[in-house]
């Protein structure tokens, strides 16, 4: 499989997992955004970046 497709599929897996968690989880975001909500979203983004890096490392080697 080409490098493009490996990276694309690994990124897609991370985004689909994040989307599923947002759809199925009890988390909502209010207006204005509360500090706790911002912290949870920041943690989620950090987790997605770490998962993406780990999956890319596995997929490329």
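Residue numbers (the numbering used here): 3 to 63.
For each residue, glycine too, the CB sits at the ideal point set by N, CA and C.
Would you please state the rounded distance, in angstroms, between the beta carbons of residue 16 and residue 53? I believe it to be under 8 Å.
-> Indeed, because the Cβ distance is near 5 Å, the residues count as touching under 8 Å.
By a C-beta neighbour count over all protein chains shown, 10 Å radius and 16 as the cutoff for buried, is residue 60 buried or exposed?
-> Counting Cβ neighbours within 10 Å, residue 60 comes out exposed, since fewer than 16 surround it.
What does a CB cutoff of less than 7 Å around residue 1 pick up in its chain, not counting 5 residues either side in sequence?
-> Outside the displayed span of the chain (3 to 63) sits residue 1, for which this structure offers no information.
Which of helix, strand or coil does DSSP assign to residue 41?
-> Secondary structure of residue 41 (DSSP, three-state): helix.
May I ask you to report which of helix, strand or coil DSSP gives residue 3?
-> Residue 3: coil per DSSP, three-state reduction.
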